[in-house]
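Our numbering numbers the first residue of the sequence shown as 3 and each following residue consecutively.
Backbone N, C-alpha and C fix where the C-beta goes; we use that ideal spot for every residue, glycine too.
Keep in mind it's a predicted model, so treat the numbers as computed, not measured.
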Amino acid sequence: MYDEAYWNKRYASDDYLYGTEPNSFLAEQYRFLSGPILSLSEGEGRNAVFLASHGLEVVCVDVSAVALEKAKKLAKSRGVEIATMVCDLETFEPEEAHYGSVVSISAHLPSKVRNRLYPLLERSLRPAGTIILEAHSENQLSRDRGGPRDLDMLMTVDKLRREFPNCEPVLLREIEREVSEGEGHTGMASVVQFIARKDA
Ligand SMILES: C[S@@+](CC[C@H](N)C(=O)[O-])C[C@H]1O[C@@H](n2cnc3c(N)ncnc32)[C@H](O)[C@@H]1O
């Protein structure tokens, strides 16, 4: 349902579906991050461009070529560089012990994909590397919009603890917050927020 064709269509307009400003959790917490950064499901580049403007090297992965073209355009307009890779996370193989941080903002994936990918993400981090993640929680399903309409793709604190066994949480919580992220995400949202560090 939420495949490449779905996302390319969602991003078809010249407008930025989730705006051009970074996710506010990422903007508050980016000091936990170090480069090179792997940004999963980066979309139209708002988060990568923010990180690059703070001097961080970012590699963006997304299944949507349309989104990543818009990301490159946004980066150019802000005078920063980002690297992009059109790739389905279902088959993505991140380089081992390479990244300082992994960023996952609204990168909702089915458990089948997470179960293969997340151990690879842990392995892709350097010692003491960090991961930052924000995702809609299962409680978001009770709202009429925002996030996938599929319980399996929504997160909980317990799922995160279980799915990243080799990273020690620095912050792990579920909260309700007002989101203002373009036409794509606006209104009250139930989210889980996670910052964790791999063993040194
Ligand atoms: C809700 S958007 C979030 C975009 C961006 N992270 C942001 O916060 O603006 C979800 C993104 O996940 C990407 N995506 C969905 N499934 C994917 C997959 N299997 N592999 C790679 N990217 C995927 C979509 O193309 C889309 O850009």
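Proline 96 has its alpha-carbon roughly 24 angstroms from the corresponding atom of proline 24.
Within the same chain, and ignoring the five residues on either side of phenylalanine 34 in sequence, the residues whose Cβ sits closer than 6 angstroms to its Cβ are Thr132 and Ile197. For serine 79, there is no enclosing beta strand (DSSP E); the enclosing alpha helix (DSSP H) has its first and last residue at 67–80. In this structure, tyrosine 20 has its beta carbon less than 6 angstroms from a heavy atom of ligand 1. Closest in alpha carbon position to phenylalanine 52, among Ser66, Ala67, Asp64 and Gly81, is Gly81. Fewer than three beta-carbon pairs drawn from the stretch 124–144 and the stretch 72–86 are found closer than 8 angstroms, and the two stretches are therefore not classed as touching. For aspartate 64, the uninterrupted beta strand (DSSP E) segment begins and ends at 60–64. Glutamine 195: member of the beta strand (DSSP E) spanning 187–200, first to last residue. Using a Cβ distance threshold of 7 angstroms, alanine 67 and valine 60 do not count as a contacting pair.
Leaving aside the five residues that flank alanine 77 on each side, the residues in its chain whose CB is nearer than 8 angstroms to its CB run, in chain order, Gly47, Ala50, Val51, Ala54, Glu83 and Ile84. Counting only the Cα atoms, arginine 199 lies some 33 angstroms from asparagine 10.
Considering only Leu58, Ser43 and Asp17, the residue with the shortest C-alpha distance to lysine 75 is Asp17.
Checking the DSSP bridge columns, you'll see alanine 85 partnered with Val61. Between tyrosine 101 and glutamate 165, the CB-CB gap reaches or exceeds 7 angstroms. Not a single heavy atom of ligand 1 lies less than 6 angstroms from the C-beta of leucine 53.
Taking glutamate 92 as the centre and dropping the five residues before and after it, the same chain places the C-beta of Val115 closer than 6 angstroms to its C-beta, in chain order. By the Cβ-count criterion, isoleucine 39 is buried, with 16 or more other Cβ atoms from all chains shown falling within 10 Å of its own Cβ.
Taking 4 residues as the minimum length, the alpha helix (DSSP H) runs contained wholly in the stretch 145–182 are 159–165, in order along the chain.
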